[in-house]
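Line by line, the protein sequences give chains A and B. Counting in the numbering used here, the first sequence runs from 1 upward without gaps. Counting in the numbering used here, the second sequence runs from 84 upward without gaps. For every residue, glycine included, the Cβ atom is placed at its ideal position computed from N, Cα and C.
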Amino acid sequence: MSFLIPCPHCGTRSVYEFRFGGEVKTRPQPEAPSEEWMEYTYTKANESGVQKEWWFHRSGCRQWLQAMRNTTTNEVLEAFFPE
Amino acid sequence: MADSTEKFSFQFDGQTVEAHDGDTVASALYRAGRRIFTRSFKYHRPRGLLCMAGKCPNCMMNVGGTPNVRACITPARAGMSVQHQNAYPSLDHDLLSVAQRFDWLMPVGWYYKTMTHEWSWHAAEPYIRKVAGLGVAPEPGGGSTDYEHAWMHAEVAVIGGGPAGLQAALELVQGGAQVTLVDDQPELGGHLRYRKQAGKVPAELIAQLRAHARAEPASLEIISRAYCFGLYEGNLLGVLQASPHAGAIERLIHLRAKRVVVATGAYEVPFTFENNDLPGVMLSTAVQRLIHLHGIKPGNRAVIVASDAQGDEVAADLREAGVEVVTRLAPHQVISGVGSSHIKAVRAKDGEFTCDLLVLCGQRVPDAGLLNQAGGKLSWNEERGAFLPVDLPANVSAVGEVTGAWMACATPQPPENIPYLKRSFVCLCSDVSTADLRDGISEGFDHIETLKRYTTLTMGPCQGRMCQLAGIGVCAHETGRSMGETGVTTSRPPNPSVSLGALAGPRHHPTRLTPMHYAHQECGAVWMDMGEWKRPRYYKATSCPDERTCVEEEYRAVRERVGLIDVSTLGKLDVKGRDAGKLLDKVYTNRFSDLKPGRVRYSVLCDEAGIMLDDGTI
Numbered sequence: 001m002s003f004l005i006p007c008p009h010c011g012t013r014s015v016y017e018f019r020f021g022g023e024v025k026t027r028p029q030p031e032a033p034s035e036e037w038m039e040y041t042y043t044k045a046n047e048s049g050v051q052k053e054w055w056f057h058r059s060g061c062r063q064w065l066q067a068m069r070n071t072t073t074n075e076v077l078e079a080f081f082p083e
Numbered sequence: 084m085a086d087s088t089e090k091f092s093f094q095f096d097g098q099t100v101e102a103h104d105g106d107t108v109a110s111a112l113y114r115a116g117r118r119i120f121t122r123s124f125k126y127h128r129p130r131g132l133l134c135m136a137g138k139c140p141n142c143m144m145n146v147g148g149t150p151n152v153r154a155c156i157t158p159a160r161a162g163m164s165v166q167h168q169n170a171y172p173s174l175d176h177d178l179l180s181v182a183q184r185f186d187w188l189m190p191v192g193w194y195y196k197t198m199t200h201e202w203s204w205h206a207a208e209p210y211i212r213k214v215a216g217l218g219v220a221p222e223p224g225g226g227s228t229d230y231e232h233a234w235m236h237a238e239v240a241v242i243g244g245g246p247a248g249l250q251a252a253l254e255l256v257q258g259g260a261q262v263t264l265v266d267d268q269p270e271l272g273g274h275l276r277y278r279k280q281a282g283k284v285p286a287e288l289i290a291q292l293r294a295h296a297r298a299e300p301a302s303l304e305i306i307s308r309a310y311c312f313g314l315y316e317g318n319l320l321g322v323l324q325a326s327p328h329a330g331a332i333e334r335l336i337h338l339r340a341k342r343v344v345v346a347t348g349a350y351e352v353p354f355t356f357e358n359n360d361l362p363g364v365m366l367s368t369a370v371q372r373l374i375h376l377h378g379i380k381p382g383n384r385a386v387i388v389a390s391d392a393q394g395d396e397v398a399a400d401l402r403e404a405g406v407e408v409v410t411r412l413a414p415h416q417v418i419s420g421v422g423s424s425h426i427k428a429v430r431a432k433d434g435e436f437t438c439d440l441l442v443l444c445g446q447r448v449p450d451a452g453l454l455n456q457a458g459g460k461l462s463w464n465e466e467r468g469a470f471l472p473v474d475l476p477a478n479v480s481a482v483g484e485v486t487g488a489w490m491a492c493a494t495p496q497p498p499e500n501i502p503y504l505k506r507s508f509v510c511l512c513s514d515v516s517t518a519d520l521r522d523g524i525s526e527g528f529d530h531i532e533t534l535k536r537y538t539t540l541t542m543g544p545c546q547g548r549m550c551q552l553a554g555i556g557v558c559a560h561e562t563g564r565s566m567g568e569t570g571v572t573t574s575r576p577p578n579p580s581v582s583l584g585a586l587a588g589p590r591h592h593p594t595r596l597t598p599m600h601y602a603h604q605e606c607g608a609v610w611m612d613m614g615e616w617k618r619p620r621y622y623k624a625t626s627c628p629d630e631r632t633c634v635e636e637e638y639r640a641v642r643e644r645v646g647l648i649d650v651s652t653l654g655k656l657d658v659k660g661r662d663a664g665k666l667l668d669k670v671y672t673n674r675f676s677d678l679k680p681g682r683v684r685y686s687v688l689c690d691e692a693g694i695m696l697d698d699g700t701i
């Protein structure tokens, strides 16, 4: 694993500088039914193709960012700060 | 050619060996008369120089304490110490060579057939490790530490400094690209440095490149004596440079390139016939390297095995060097090599020829491992007699002989007739013969990938460079498939092998001491490493003889009286603000918002899914 991530603050860097934070999902409201929380907590889409992910630039700007990554080729199409 | 005016010496097995400037360890030893360089993995058969290019396993030695170093590409240095490996007591008289008399006891898949009980491997392993194998790893803390790492970036990386690589590099820099040229030789020019009949070293081209590198150092960097062992995701190239400067024996370069141009050329592989592994059986390009790069007369009487123009070329080189060329044979005429510790004659269909050198003009194989690793496919080409790289990814291209250009099929593939003999070696790394492969196939391992795993073909230090084509030939012949249908096994990095020291890099671990460090020491602390920190593992006192009693004493003290712990080595977080307590309630498993000032509570920290991340006190 040695692909590159274009950090919106630092520029293109090696993946070794980052920590993976999982798929980007919407957190349910605290009072949401437990099925919804169950789905959010334990079920992963595990997309074969492009998916939106959280990445933390641990050895760089130390900011959380989101990236569109093709999980079969490890090509990162774009990376940006969450809105 | 090696300059014969500058001479120095080094030690080989306690003997002084004279070397000329420009010599490798192997060329100096060959000049000094050494012909046996290694003993084979399983049978301890004598093996001599075969490729002189770092592609085969036949010259691996212990250099300065580092095992399995390829002597043929390792520059000789004054005062260095070189030792043989896997032979007892010496290379020339190896008592363990008795193993080859018992080859009938070691059929293909021997381990799987004999180690049928759990205990059998544990019982046999210590003995097998002693008599078979490669070099011996240095003791922990021993071995060289003079390794270093470097990180580099290039717009275009050109791998290979032969005519094709040089031309590509020049055109790229002239087009304004920033280029890094990686070449594994001490000088640029590739095969033209030793194949004098094939053309002249493009001195003008090299001069132009060197001038460019001087004028605009930012646009061109030339890294010599460095081989590229892997092409990883995102065009990350693993490059290992030998002797970058006097203070380092190897430098590992992490080279990241936007584009990669592979110009690694092709290498020669031997033919299979009985006793094809005897010292004195040498590839034609190895002979040319000895003559033209090192000024060595490789033998006195040579027999050439060739099917193409390379035979004429090497014959001219041999005659020029004063070697008598006895005859020239076609590959299918050769029956066996004669001799026990060195080749004495060649038995052919039309007679026996006395010689001390058997020159094989073998099939040329594109050195396409990097292209395969990049995602390119290897597709069989009947006319070229080679698997050629196709379907390359967007940012990787190939130029020169690695593409198969100018290549011709030396012998029909798969061969029409294969002699299945226990002494006709396909894999030199682990002594796999044509007979072993046939037996493996007949036992049901008839797919090239299963055959590889069962027989260990292509799995040795040469990573299949010497044996892959012949192995596929045997598999295709036995199964009645074509070469293309049989296919190749996957190339994986590192290829060629990389020393663990180089991967580990320089040894400079920072050490952190807590403010109480010396107080611990006075109490008899025995240290353990906790990341960068030194932390007491236990305290050794006169009252306790061993670790267990010391720990028990400490345990009782904590339970019955009082204990003191130094937590300086643990991470600390400062949480401030009005809702600090609320935040801690969310991330810890128990309540913290009601914790009174001055009190301490222990808890566990979990993530959203309830997975424990850490524990600690608040």
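Boundaries of the beta strand (DSSP E) around R13(A): 11-14. For W193(B), DSSP records no beta bridge to any residue. Beta-bridge pairing by DSSP links W616(B) to R595(B), M613(B). Contiguous alpha helix (DSSP H) elements confined to the segment 390-445 of chain B occur at 393-403, taking only those with 4 or more residues.
Rounded to the nearest angstrom, the Cβ distance from L217(B) to A154(B) is 13 Å, too far for a contact under 8 Å.
Assigned with DSSP and collapsed to three states, E526(B) falls in coil, not helix or strand. Here S516(B) has L504, K505, R506, S507, F508, V509 as same chain residues with Cβ atoms under 7 Å from its own Cβ, once five neighbours each way along the sequence are excluded.
Using beta-carbon distances, F3(A) counts as an interface residue toward chain B, with a partner under 7 Å. Rounded to the nearest angstrom, the gap between the Cα atoms of V482(B) and A247(B) is 6 Å.
Segment contact: the segment 102-118 of chain B against the segment 135-150 of chain B, three or more CB-CB distances shorter than 8 Å; contact assigned.
Between Y40(A) and Q29(A), the alpha-carbon positions lie close to 11 Å from each other. Taken atom to atom, the span from the alpha-carbon of S462(B) to that of E35(A) is near 52 Å. With a threshold of 7 Å between beta carbons, G317(B) makes contact with chain A.
In this structure, D519(B) sits near T538(B), with a CB-CB distance shorter than 7 Å. Given a length threshold of 3 residues, each whole run of the beta strand (DSSP E) inside the segment 204-254 of chain B is given here in chain order: 230-242. A contact between stretches requires three or more CB pairs, one per stretch, nearer than 8 Å, and the segment 15-29 of chain A fails this requirement with the segment 357-371 of chain B.
According to DSSP, F91(B) shares a beta bridge with A102(B). Residues of chain A with a Cβ closer than 7 Å to the Cβ of E691(B) are, in chain order, T41. Collapsing the DSSP output to three states places G660(B) in coil. Under the three-state reduction of DSSP output, D668(B) falls in the helix class. About 4 Å separates the Cβ atoms of H127(B) and S180(B), confirming a contact at the 8 Å cut-off. DSSP, reduced to helix, strand and coil, places H337(B) within a strand of the structure shown. Going by DSSP, H328(B) is part of no alpha helix (DSSP H) but of the beta strand (DSSP E) stretching over 319-328.
Straight-line spacing of the CA atoms in L373(B) and Y310(B) works out to 21 Å.
In the three-state reduction of the DSSP assignment, G483(B) falls in the helix class, which pools H, G and I.
Of the candidates T437(B), A215(B), H103(B), W234(B), A215(B) places its Cα closest to the Cα of S513(B).
Each residue's CA atom was taken as its position, placing H103(B) and K90(B) some 5 Å apart. For the C-beta of N74(A), the chain B residues within less than 7 Å are, from N- to C-terminus, E316.
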